[in-house]
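J.: In the numbering used here, the protein residues as written are 6 to 344. Positions of the beta carbon are idealized from the N, C-alpha and C atoms, including for glycine. Shown below is the structure under consideration.
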């Protein structure tokens with residue numbers, strides 16, 4: 006596991022614990038239930054990560070509250086993000102686990118999104134998300150990047166603001182592939198079942214979800230790996246190129262790097278705007294302590310998940326950078342998405 010700066014919690018200006026501060030926070034969380042709400046269904050890596058964090062983090066949070074995980078899929082993550090910003094409790098008892106493109110989708114100006122990612126309180130991130138584009142071998146003979154430029158394949162999607170839609174759309178507009186995207190699936194588990202039935206040929210989604218949820222596909226060589234989204238190659242798949250590497254010109258690479266910033270934010274946790282500063286500070290401190298917890302690290306490793314934590318301050322900085330894209334660059338990005 007790589008750990009970057011646990012000390013950044015203090016350096017970023019968030020309140021440092023004092024006895025009075027600790028007592029107030031402990032009084033609030035003692036005997037309370039804290040809810041982590043993921044923007045996916047339960048059968049994804051988000052579900053697994055959320056449950057592992059909930060089990061491990063309670064002992065690091067003053068008052069040792071009960072922490073449970075719930076799920077709010079829909080709209081490619083938009084349903085959960087809108088709820089987090091507008092309706093979720095703002096007292097520190099509700100923690101959102103949104104999709105990585107929460108800031109990217111705001112910058113794109115997707116309709117129906119009613120939040121400002123810059124105003125959320127970021128607790129931290131488990132690390133970048135490396136997403137793989139894959140196809141099921143038994144349902145299509147077109148199993149390479151070159152083949153996808155010559156022949157149509159069908160990929161399932163949960164909605165326009167999700168990785169499952171954004172990645173194949175960018176591949177079509179920037180890299181010349183011929184992917185047909187079928188939206189409407191409730192979650193990655195439903196897309197995986199559709200792949201097994203031959204309803205769709207493939208998907209774009211978290212490499213972690215794939216290796217933890219469909220390990221049998223990998224063991225039986227049932228799928229062909231096409232490429233990775235993100236800024237760099239995955240340590241598990243050193244031979245698999247990124248979409249940025251496959252792009253033929255610098256303009257296309259620049260657009261793909263913008264979306265790669267979403268991968269860098271990764272498995273992030275956030276609270277609604279308005280949560281008291283001392284409770285956000287306590288959540289950040291508890292999150293960082295959990296990331297350094299040897300028992301938690303062992304559980305993550307045992308389930309074949311990755312861990313490269315980022316502090317809440319680091320996540321907030323990445324979000325601000327995403328939202329600061331120039332209008333000229335955003336026009337090119339929106340064009341690549343067909344917007």
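Within a Cβ cutoff of 6 Å, which residues of the same chain sit near residue 267, ignoring the five residues on either side of it in sequence?
T.: Closer than 6 Å at the Cβ level, and outside the excluded window around residue 267, lie 105, 106, 109.
J.: Under the three-state reduction of DSSP, which class applies to residue 149: helix, strand or coil?
T.: In the structure shown, residue 149 sits in coil (DSSP, three-state: anything other than H, G, I, E or B).
J.: Between residue 197 and residue 212, what straight-line distance do the alpha-carbon atoms span, to the nearest angstrom?
T.: If you take the alpha carbons of residue 197 and residue 212, they lie about 13 Å apart.
J.: I'd like to know whether the C-beta atoms of residue 139 and residue 230 end up nearer to each other than 8 Å.
T.: Cβ distance < 8 Å, so residue 139 and residue 230 count as in contact.
J.: Assuming the contact rule is C-beta atoms closer than 8 Å, residue 82 and residue 166 should be a hit. Round their C-beta distance to whole Å, please.
T.: Going by Cβ atoms, the distance from residue 82 to residue 166 rounds to 6 Å, so yes, they are a contact pair.
J.: Comparing alpha-carbon positions, which option in 311, 253, 233 lies nearest residue 171?
T.: It is 233.
J.: Between which two residues does the beta strand (DSSP E) containing residue 120 stretch?
T.: Here residue 120 belongs to no beta strand (DSSP E), and DSSP marks it neither H nor E.
J.: According to DSSP, simplified to helix, strand and coil, what is residue 214?
T.: Correct three-state label for residue 214: helix.
J.: In the DSSP assignment, find the unbroken beta strand (DSSP E) run with residue 230 in it and report its ends.
T.: Per DSSP, residue 230 belongs to the beta strand (DSSP E) from 228-234.
J.: For residue 103, is the classification buried or exposed, using 16 other Cβ atoms within 10 angstroms of its Cβ as the cut-off for buried?
T.: Label assigned to residue 103: buried.
J.: Going residue by residue through the stretch 80-137, where are the continuous alpha helix (DSSP H) segments of at least 4 residues, counting only ones entirely within it?
T.: Fully enclosed alpha helix (DSSP H) runs of 4 or longer: 83-91, 107-113.
J.: For residue 135, does the count of other Cβ atoms within 10 angstroms reach 16, so buried, or fall short, so exposed?
T.: Residue 135 comes out buried.
J.: Is the stretch 288-307 touching the stretch 78-93 in the sense that three or more CB pairs, one from each, lie closer than 8 Å?
T.: Not touching, per the Cβ criterion.
J.: Going by C-alpha distance, which of 62, 54, 338, 121 is nearest residue 279?
T.: Here the closest residue by C-alpha is 121.
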